[in-house]
Amino acid sequence: MRVATWNVNSLRVRLPQVLAWLAAEAPDVLALQETKVPDEAFPALEFREAGYHVVFAGEKTYNGVAIVSRLPPAEVADALPGAPDGQRRYLAATCGPLRVIDVYVPNGQAVGSDKFAYKLAWMEALAAQVRAELARHPLLVVLGDFNVAPEDRDVHDPELWRERVLASTPEREAFRALLEAGLCDVLRRITGEAGIHTWWDYRMNAYRRGMGLRIDHVLASPALCGRVRACRVDRAPREGERPSDHAPVVAEFDLAGS
DNA sequence: ATGGTTGTACGACAA
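Next up, the structure:
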C-alpha cells in the first residue's frame, strides 16, 4: 500500500499537476494540504474521473486539507478535538485497512509570536488525538505538512536556522511528543541521510541553491513501522512548471498477511 | 540587502 502527502499551495492552481502526478505514481492514498478552496468549489469530479474517491475540509483563501483514496473513505472526521479554533487543518478517514490522518500544522510565523503559541497549542491537541487514535487503530498513518524540521540533519544550514521558526527547540519538542506517543518517522526507517528536503522557499532561488528543509512527514504506528518498504521525496514536480513550494513524500508499506 | 516570491484576490497578509 502506497501513501503520499503533498502541500500543493492552492489546489485550483495545481490541479493539473496533481492529476498528472496521480496518473504517474498511482498511490493508494494522497493527502493534500493548503488546498485553499471552499468545500462548495472543491474539484471532486476531476478526482472521481481519475478513479479516486476524495474527502475534503476547506475554507476560503487559507488552509484546507483533502484525502484522495482508491478505496472509499469511511469514519471521516474533519475537526481536531481540542484545537484552538476551527481552521481547516485536519482530516481523518479510514481507507481500507489504514486509518489516515492528514494534517496541515500551523506555520507559526516567528518564534514567540501569537501564531507560534497557536502552533504549539495545535500540536499539543494533535498529540492527544494521536494517542486516542492509536488506541483504536493499529494501522495508523499521520501525514502532512508538519511545519517542523525535526533535527539539524533535516535543515540545509542548521546554524542559519538555529532557533528560528520551523527548526526551534519548542517545535522540535512538540514534534518529538508525536513520536513519543508511539509514531515513527517513516523516512528515518529508510535512511539517516542528511540533506533530504521537502520544502524550499520560493524566494532567493532557494530550490536551485539547495536551501531546503524537511518539514513534510509520514508518521506511522508501530505495526506499520515494521512494514515500511520504501519512503522517498519526489522532487520532479518541484522542478516543473509553476511548482508548489513543497514536494510530495511517498511511503510504501507491505501489508501482505495483515 | 530587515531583502526575496507566490497565492489569494485586488490591498494586504500568510507562508
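Residues in the first sequence are numbered consecutively from 1, following full-length UniProt numbering. Where is the CB? At the ideal position from N, CA and C, for every residue including glycine. Nothing here was measured: the structure is a model prediction, and the numbers come from that model.
As computed with DSSP, W199 is found in a beta bridge with L213, H246. Going by beta carbons, L213 and V249 fall outside the 8 Å limit. A177 is the residue among A177, A50, R162, G96 whose C-alpha sits nearest the C-alpha of Q129. Taking a C-beta distance under 8 Å as the contact criterion, Y202 and G144 do not qualify as a contact pair.
When rounded, the separation of the alpha-carbon atoms in G195 and D102 is 24 Å. Residue pairing of C225 in beta bridges, as defined by DSSP: absent, with no partner found. Per DSSP, P158 is one residue of the alpha helix (DSSP H) stretching across 158-161. Scanning V68, P81, F56, G64 for the CA closest to the CA of V18 turns up V68. In the DSSP annotation of this structure, the continuous segment of the beta strand (DSSP E) that includes L32 starts and ends at 29-33. Per DSSP, A194 lies in no beta strand (DSSP E) segment and is marked neither H nor E. Around the C-beta of A26, fewer than 16 other C-beta atoms lie within 10 Å, and the residue is accordingly described as exposed. The Cβ neighbour count for P138, taken over all protein chains shown within 10 Å, is under 16; the residue is labelled exposed.
Here the region 8-18 makes contact with the region 31-43; the two share three or more CB pairs at distances below 8 Å. Leaving aside the five residues that flank T169 on each side, the residues in its chain whose CB is nearer than 7 Å to its CB run, in chain order, E163.
For T94, the enclosing beta strand (DSSP E) starts and ends at 90-95.
A distance below 8 Å between beta-carbons, with the five flanking residues on each side excluded, links G51 to the following residues of its chain, in chain order: R70.
For V13, there is no enclosing beta strand (DSSP E); the residue is part of the alpha helix (DSSP H) that begins and ends at 11-25. By the neighbour-count definition (other C-beta atoms within 10 Å, threshold 16), V76 is an exposed residue.
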